[in-house]
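Here the sequence shown stands for residues 47 to 510, where the numbers follow the working numbering.
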Amino acid sequence: MPASAVGGRDTKPVDMASSRLPDQASLDQIGRHDRILLLQGPNGPFFFRLASLLLAKGCRVTKVNFNGGDDVFYRSGDIIRFTQPMVLWESFLRNLLAGRCIDAIVVFGTSRRHHRIAVRVAESLGIAFWAFEEGYVRPDYITLERGGVNADSPLGPLAMEGIPKLGNPAKPRKFQHSFRKMAAYSFWYFAGGMGGVRRYPHYRHHKPFGVHEVGQWVRAAYRKQVYRWQERELRERLLASDHPHFFLVALQVYNDSQIRVHSPWRRIEDFIEWTIHSFAEHAPAESVLVFKHHPMDRGHTDYAATIEACATRFGASGRIVYIHDAHLPSLLHRCMGLVTVNSTTGLQALFHRVPVIALGRCFYAKPGLTYQGSLDAFWNDPGAVNMKTYVRFRNYLVRVSQINSSFYADDMLLAMPERRGWNWHRRMPARLLCAFGLLAADTYSGRPWDIVATVNVLAAMLVG
């Protein structure tokens with residue numbers, strides 16, 4: 047973590063030239079408050095470590111735990127456990143804010159019901175509301191904004207004309223094994239949630255605590271290996287030098303609140319149908335439409351049947367492709383344009399000079415930056431990315447909302463010792479159990495069993 051993110055209060059004289067620039071996003075922005083309330087954070091110890099930093103700066107920190115998963119990673123300090131029905135949360139929160147004289151609320155994501163209520167209460171009382179989110183610029187960044195994130199970001203209503211020109215940000219620090227550590231933290235969070243059901247009888251997580259959910263994540267690990275084998279020829283065709291002219295559609299997680307709350311659709315399936323119909327009716331006959339599955343949704347959904355049915359119904363069979371695990375930057379380098387609802391994949395596409403159309407409410411969908419016409423027209427003339435405009439927006443975005451850190455793998459904030467010395471003969475029984483467990487978890491999916499892919503997956507897990 048940079049010194050500006052973890053140090054004490056700034057007592058240096060203010061430089062008038064730099065004071066005209068927007069504040070650099072950092073944890074110091076939270077540390078300027080005296081009494082801070084933490085609600086739910088990312089899976090893992092990040093909020094506990096954040097509280098330690100804030101306490102060291104002289105802040106008073108209170109944490110609300112909502113389930114057993116919160117208890118696993120935040121176990122000491124001023125903790126209040128909310129065990130009542132959600133209908134009582136607003137009155138509970140107002141009493142807590144008054145009793146502790148809170149002047150700032152901090153959350154991870156603004157779409158969970160208790161966070162949506164909290165932002166409304168904070169606004170009504172004039173209390174600062176800070177929200178973390180996964181980095182808009184990935185990897186190696188996390189997002190911190192005042193007021194909300196994603197579609198609720200304060201960047202949303204800001205016109206390009208109001209964005210100052212800033213220099214390029216410094217080269218960011220890199221973080222290793224972020225996904226692996228996130229998966230481990232999520233496992234223990236989920237286990238704690240299941241174990242704490244009796245203590246928190248009224249809590250409802252956005253991904254239900256239960257054996258079924260565990261099975262879906264186990265299945266996701268298995269499917270990752272299967273798709274890698276099954277889709278190898280398709281990947282080669284799309285990434286070849288003579289690849290077809292294709293448009294890319296970035297699918298989002300099936301229960302993403304950005305779809306349900308900030309788009310014209312309630313389900314991903316509705317968005318798929320709308321997009322295929324438009325493509326079939328208006329896109330050039332030689333072009334192809336590629337749907338890219340969201341990697342975090344691998345074990346929960348499979349849209350193959352929906353996509354095939356829509357392609358047949360709208361007369362686009364043979365022109366619609368569905369892929370799960372191709373390297374996204376490689377696909378972006380080769381596609382003619384990206385279609386998204388409001389995913390931050392759109393920012394990645396702009397970085398690779400790919401025209402983007404965002405069909406939902408989206409903080410970066412601005413004139414001069416993304417395509418502003420209809421989807422029907424986008425297929426024939428997506429235009430070109432104005433890189434000067436993009437760089438101007440990105441530099442401002444990084445300065446005001448991005449912190450060079452990781453929720454899961456920043457050793458300067460989250461020093462977590464790793465266990466070593468697990469010998470091969472000890473790993474093999476676990477690999478056997480894991481391999482056959484993954485196979486068993488996929489049996490209830492209803493998908494055809496590809497024996498060749500299964501053999502290759504098991505061999506890779508046992509030998510690799």
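Built from N, CA and C at the ideal position, the CB exists for glycine as well.
| Asked | Found |
| --- | --- |
| Below 6 Å CB to CB, which residues in the same chain sit around ARG127 once its five sequence neighbours on both sides are set aside? | ASN111 |
| Give me the residue from TRP263, ALA357, PRO131 and ARG399 with the minimum Cα distance to TYR246. | PRO131 |
| May I ask you to report which of helix, strand or coil DSSP gives ILE173? | coil |
| If the criterion is Cβ atoms closer than 7 Å, does the pair ARG147 and ARG81 meet it? | The question names Arg, but residue 147 is Cys in the sequence shown. It is a contact, given that the beta carbons lie within the stated cut-off. |
| Kindly give me the distance between the Cβ atoms of ASP117 and GLY208, rounded to whole angstroms, as I take these residues to be in contact under 8 Å. | With 8 Å as the limit, ASP117 and GLY208 do not qualify as a contact, their Cβ atoms being about 44 Å apart. |
| Return the Cβ separation of PRO200 and ARG192 in integer angstroms, given the expectation that the two are a contact with Cβ distance under 8 Å. | 7 Å |
| Tell me the rounded alpha-carbon separation between ILE403 and TRP320. | 14 Å |
| Can you name the residues that DSSP bridges to ASN111? | ARG127 |
| Determine the closest residue to GLN298 out of TYR120, LEU284, GLN276 and MET342, with distance taken between C-alpha atoms. | MET342 |
| So, with DSSP's three-state summary, where would you put THR526? | A question about residue 526 goes unanswered here, because the residues of the chain that appear run from 47 up to 510. |
| Between the C-alpha atoms of LEU101 and LEU73, what's the straight-line distance to the nearest angstrom? | 13 Å |
| Based on Cα-Cα distance, which residue from LEU134, GLY114, ASN113 and PHE409 lies nearest to HIS308? | PHE409 |
| Roughly how many whole angstroms lie between the Cα atoms of ILE76 and GLU332? | 53 Å |
| Relative to the C-alpha of VAL167, which residue among VAL152, GLU179 and GLY181 is closest? | VAL152 |
| Take GLU169 as the anchor and find which of ASP186, GLU180, GLY194 and GLY145 has the nearest alpha-carbon. | GLY194 |
| Around the C-beta of ALA150, are 16 or more other C-beta atoms found within 10 angstroms, so that it is buried, or is it exposed? | buried |
| Would you mind stating whether ALA362 and ALA326 have Cβ atoms separated by less than 7 Å? | yes |
| Residues bridged to TYR368 by DSSP? | PHE337 |
| In this structure, does DSSP put GLY492 in helix, strand or coil? | A caution first: GLY492 carries a pLDDT of 49, below 50, which makes its placement in the model unreliable, though a value can still be read off. Looking at GLY492 - three-state DSSP - the assignment turns out to be coil, as it is neither helix nor strand. |
| So, using beta-carbon positions, are GLY242 and GLY114 closer together than 7 Å? | yes |
| Considering only DSSP beta bridges, list what VAL299 is partnered with. | Its beta-bridge partners do not exist; DSSP assigns none. |
| Tell me whether VAL446 is buried or exposed, calling it buried when 16 or more other Cβ atoms sit within 10 Å of its Cβ. | buried |
| Would you mind giving the Cβ-Cβ distance between ASP186 and PHE138, rounded to the nearest angstrom? I have them listed as a contact below 8 Å. | Incorrect: roughly 37 Å between the Cβ atoms, too far for contact. |
| I need the straight-line Cα distance from LEU83 to VAL400, nearest angstrom please. | 41 Å |
| List the DSSP bridge partners of ALA197. | Its beta-bridge partners do not exist; DSSP assigns none. |
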